[in-house]
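S.K.: Right, I'll just put the structure down here and ask away after.
In UniProt numbering, the protein residues as written are 1 to 164.
So, in structure tokens, the structure goes:
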């Protein structure tokens, strides 16, 4: 019980704000947050580390938000042409959730590569620094930087295929 209280107090605000990005009604947000923590309560004993707990929480959040929209779509009786708008909104939310999942997977994979390779990859692909600039900053050849970046790209492609 104390472990759940600690997890709840640590994550309640983050979960609330996460859910509020997808819903606007206060009662709906609170209901979804409650459902999320009910799910976490059931499966908390299976999560061993803080990263597993966080993954459990936010995966539950995404599932509950999706369930909420799925239920509303079935209950909601659309007015003229609003059916297309609601379908687009639902698709947008599902796309955002999928994108967040993919970003989380990429972040987890990046933590598995050597620190120097990860640093070069981030500088080149995210911060848009040229290979030449990175090479000059680290006093190594442009080819060496390019090999580090390509090694990370290959690792990501190989491991992301399993998730897609």
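Backbone N, C-alpha and C define an ideal beta-carbon position, used for all residues, glycine too.
Can the beta-carbon of residue 109 be found less than 7 Å from the beta-carbon of residue 153?
M.R.: Contact flag unset, no.
S.K.: Is DSSP giving residue 145 helix, strand or coil here?
M.R.: The answer is helix: DSSP assigns residue 145 an H, G or I state.
S.K.: Give the single residue among 43, 30, 116 and 161 whose Cα lies nearest to the Cα of residue 149.
M.R.: Nearest C-alpha to residue 149: 116.
S.K.: With a cut-off of 8 Å on the beta carbons, I'd call residue 47 and residue 18 a contact; round off their distance for me.
M.R.: At roughly 18 Å, the Cβ-Cβ gap does not stay under 8 Å, so residue 47 and residue 18 are not in contact.
S.K.: Find out if the Cβ-Cβ distance for the pair residue 22, residue 65 is shorter than 7 Å.
M.R.: Yes, they are a contact pair.
S.K.: So what's residue 60 in DSSP terms, helix, strand or just coil?
M.R.: Helix.
S.K.: Just tell me which of 3, 31, 133 and 96 has its CA closest to the CA of residue 50.
M.R.: Per the Cα distances, 3.
S.K.: Alpha helix (DSSP H) containing residue 138: first to last residue?
M.R.: It spans 131-138 - the alpha helix (DSSP H) in which residue 138 sits, taken as one unbroken run.
S.K.: Could you check the C-alpha separation between residue 56 and residue 40 for me, to the nearest Å?
M.R.: Cα to Cα, the separation comes out at about 7 Å.
S.K.: Quick one: complete alpha helix (DSSP H) runs, 4+ long, within the UniProt domain "RNA polymerase sigma-70 region 2" (8-73)?
M.R.: For the UniProt domain "RNA polymerase sigma-70 region 2" (8-73), whole alpha helix (DSSP H) runs of length 4 or above, ordered along the chain, are 26-43.
S.K.: Short of 7 Å in beta carbon distance, which residues of its chain neighbour residue 120, apart from the five on each side in sequence? Order them along the chain.
M.R.: Taken in chain order, the residues that qualify are 134, 145, 148 and 149.
S.K.: Tell me the DSSP secondary structure of residue 113 in three-state form.
M.R.: Residue state, collapsed to three classes: coil.
S.K.: From 12, 159 and 95, pick the residue whose C-alpha is nearest to that of residue 54; which is it?
M.R.: Answer by Cα proximity: 12.
S.K.: For the putative contact between residue 32 and residue 68, defined by C-beta atoms under 8 Å, what is the C-beta separation to the nearest angstrom?
M.R.: The Cβ separation is near 6 Å, so the contact holds.
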